[in-house]
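Residue numbers (the numbering used here), protein chains in the order written: chain A, 437 to 843; chain B, 437 to 843.
Structural data, given as structure tokens:
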């Protein structure tokens, strides 16, 4: 009488999002839903609101109650549709682990998916280990996402390609705009990436007369004198200059407090600091352009390949859970760049957690150029565009979920 | 023997771009080219490089030498394809007027089109008056463009709708991203508009849960205390807040020099100043997001209506010249908002030059809301999207002009 197994006897699946959103994290949610809905052996398909906090507070929503049309729109919805969290798990002795166990038992959760970056993979690993040590039958799989592209093991991370495509298009806008005047300005484009320069480096893929004149990553050998010399040289030759800067650029900072050697607060990024140096020491007009939040929230320039891979990884994560896998992260291995081919695999999540993949030093040829190998790596990820649906005011549509709480 | 009139006997047409670029100024160039190419009575169709500077220095390019495929791409090319200038004309006694006459005579120019904002309409009026006073047979027509939407006489300006659509979509990104965390930040979105708040106000058209919580224009009654109270109230209710701010917001500034009462340099916009007030006095986390250059340079979110109107005005300007009109600006009069209907007319350019159309005070209902009348005005301008062509790296294509100089 297998068919009559009640829902309460079947193990439920819970999914959560954690860390900074990307343009495609909700595409992974879409993939999870699309796959999970096909499997009757899954008791309930739940979303945990605000990451692990939903598990702690028993705040789950029933994803089977959502309209299919809205689920479809997840593919162009930025932000974290289920809410995110910055919470890091404390030691297992902490009472919140008891609360997690309560929710897991009450909802009969046997499958858990966590979607996020390095910190989230740490959460993934610790939950997996905790459930194992408690002898609980709960499998945990991680789904990667980060615009920083700094997770190890996987060839690249969902979220990176869309952010890179946003950066490339917006740097081109700065270049095209900057070329308008006979005597222009230096435009400093500040790009996300606190430690890894993958996103800033993406501007290197732009064509010869559309690209930044200078590119500086956190991994670059940076000196203020060298920087000012570079800017002066380009400006004198062209009459304007566009510079791509990582927000995490290694600037000389003397003070340990809230201000740095320039006397600025933490609210001001590297571009403002360097703009004042250029203005003060070279006497050239400067404009700063911080690409800011839209790098992780622009669905219009999202890469179709990125969306598709985010969906596939969501689906593969569900399949892995159903096969009994746990403590793994779904990952991509590249087989070929041209034609672009990848295969999916499971990486041990403890090898991913809390590690960072930096931009290879050997790919930084100069302050003007990255290696061909990097452009070959990036090109297939960003080249495809997606068809965006707009509302009656010309604004991109987003999924309107019911988020009906499980009672 | 009319057909045998040589090109040198036919009057040539020259066109130039001036002031800050918009996403659609090159669509007006497209319209000029499309119309001018149809008229054999026009001797040459020239572009003046870097605005009026091309006339002064006899730096003209032959637009008839351009590839049609590249001309087509002007419709999605931001920046100023022929180069722009910030030059304002001096008194007519200045020797550069003699140089302009030289070029006009040498190239047999009888038709002149100037494409720009308030300052450019001043140039338009002064060139028109100068040619008249010199008894020269040169007609001058202005084509409006500005993202600020601050030209009088015309219902709206080409460039505004595309910039507004960019602003709306990017504010929605900030709202969607900001909603991810249980305890979020205050996001201050800084929007272009030194004196007029049309662009910032456009964010008011967003749907209820996608719109900024607070909107401040240069025309708003602004006080720091009121602002901080507003932010505090919204943040306490929602856990985050998104604020749309005009860059030209009327902040209290005490010093006349390069720094203001906060001790900041001119490189830092209002958002950074207000962010420090929020951080310091309310103790709430803040993020600034300056929309910067892409507001005037984003072809991807350009409004189709805007592109089409920019083209039509370019065409109508050529027709007006051929009818012998001079000293006029092509303009739009709205007949109806729903369905959207406009008609074209010629406005006396001296009534446009150096004037500014501010956002109507009566349309500012509060720091949270604009009047329905404004949203009815804006809606038809922004609602249509355009099909963008991308290159093989996923980056929007732009026109590659030959710019072959007239010898």
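The C-beta atom is built at its ideal place from N, Cα and C for all residues, glycine as well. The structure displayed is predicted, hence computed values, not measured ones.
DSSP three-state label for residue i, please.
i: residue 765 of chain A; result: strand
i: residue 445 of chain B; result: coil
i: residue 612 of chain A; result: helix
i: residue 639 of chain B; result: helix
i: residue 778 of chain B; result: strand
i: residue 484 of chain B; result: strand
i: residue 438 of chain B; result: Low per-residue confidence applies at residue 438 of chain B: pLDDT is 45, beneath 50, and the placement is therefore not dependable, though the value from the model is reported in the following sentence. Residue 438 of chain B falls in the helix class under three-state DSSP.
i: residue 528 of chain A; result: coil
i: residue 520 of chain A; result: coil
i: residue 840 of chain A; result: coil
i: residue 546 of chain B; result: strand
i: residue 580 of chain B; result: strand
i: residue 790 of chain A; result: coil
When you compare the CB of residue i with every CB in chain B, is at least one pair closer than 8 Å?
i: residue 697 of chain A; result: Any reading at residue 697 of chain A must be qualified, since the residue scores a pLDDT of 40, below 50, and its modelled position is unreliable; no value is offered.
i: residue 658 of chain A; result: no
i: residue 549 of chain A; result: no
i: residue 606 of chain A; result: yes
i: residue 832 of chain A; result: yes
i: residue 451 of chain A; result: no
i: residue 733 of chain A; result: yes
i: residue 718 of chain A; result: no
i: residue 796 of chain A; result: no
i: residue 822 of chain A; result: no
i: residue 726 of chain A; result: yes
i: residue 806 of chain A; result: no
i: residue 651 of chain A; result: no
Around the Cβ of residue i, are there at least 16 other Cβ atoms within 10 angstroms (buried) or fewer (exposed)?
i: residue 790 of chain A; result: exposed
i: residue 707 of chain B; result: buried
i: residue 514 of chain A; result: buried
i: residue 581 of chain A; result: buried
i: residue 555 of chain A; result: buried
i: residue 835 of chain A; result: buried
i: residue 611 of chain B; result: buried
i: residue 531 of chain A; result: exposed
i: residue 608 of chain A; result: buried
i: residue 511 of chain B; result: buried
i: residue 828 of chain B; result: exposed
i: residue 793 of chain B; result: buried
i: residue 777 of chain B; result: exposed
i: residue 456 of chain A; result: buried
Are the CB atoms of residue i and residue j nearer to each other than 8 Å?
i: residue 670 of chain B; j: residue 650 of chain B; result: yes
i: residue 754 of chain B; j: residue 482 of chain B; result: no
i: residue 447 of chain B; j: residue 545 of chain B; result: yes
i: residue 467 of chain B; j: residue 751 of chain B; result: yes
i: residue 502 of chain A; j: residue 838 of chain A; result: yes
i: residue 536 of chain B; j: residue 491 of chain B; result: yes
i: residue 729 of chain B; j: residue 606 of chain B; result: no
i: residue 522 of chain B; j: residue 617 of chain A; result: yes
i: residue 583 of chain A; j: residue 596 of chain A; result: yes
i: residue 743 of chain B; j: residue 683 of chain B; result: no
i: residue 687 of chain A; j: residue 800 of chain A; result: no
i: residue 803 of chain B; j: residue 645 of chain B; result: no
i: residue 656 of chain A; j: residue 648 of chain A; result: no
Is the Cβ of residue i closer than 8 Å to any Cβ of chain A?
i: residue 664 of chain B; result: no
i: residue 641 of chain B; result: yes
i: residue 810 of chain B; result: no
i: residue 583 of chain B; result: no
i: residue 826 of chain B; result: yes
i: residue 519 of chain B; result: yes
i: residue 739 of chain B; result: yes
i: residue 787 of chain B; result: no
Does the Cβ of residue i lie closer than 7 Å to at least one heavy atom of the ligand ADP?
i: residue 585 of chain A; result: This structure lacks the ligand ADP, and indeed carries no ligand of any kind.
Using beta carbons (cut-off 8 Å, strictly below), is residue i in contact with chain C?
i: residue 515 of chain A; result: Looking for chain C here will not work: the only protein chains present are A and B.
| query | Is the number of C-beta pairs between the segment 739-750 of chain A and the segment 814-822 of chain A that are closer than 8 Å three or more? | reply | yes
| message | Check whether the segment 564-578 of chain B and the segment 458-478 of chain B are in contact - that is, three or more C-beta pairs closer than 8 Å. | response | For the pair of segments examined, the segment 564-578 of chain B was found not to touch the segment 458-478 of chain B: the number of CB pairs separated by less than 8 Å stays below three.
| Touch test, the segment 476-495 of chain A against the segment 451-458 of chain A, Cβ-Cβ under 8 Å, three pairs minimum | Three or more beta-carbon pairs separated by less than 8 Å link the segment 476-495 of chain A to the segment 451-458 of chain A, which places the two stretches in contact.
| request: Take every Cβ of the segment 748-768 of chain B, pair it with every Cβ of the segment 625-635 of chain A, and state whether three or more of those distances are shorter than 8 Å. | output: no
| request: Report yes or no: do three or more beta-carbon pairs, one from the segment 619-627 of chain A and one from the segment 716-723 of chain A, lie closer than 8 Å? | output: Yes, they touch.
| task | Could you tell me whether the segment 588-601 of chain B touches the segment 768-775 of chain B, where touching means 3 or more Cβ pairs closer than 8 Å? | result | yes
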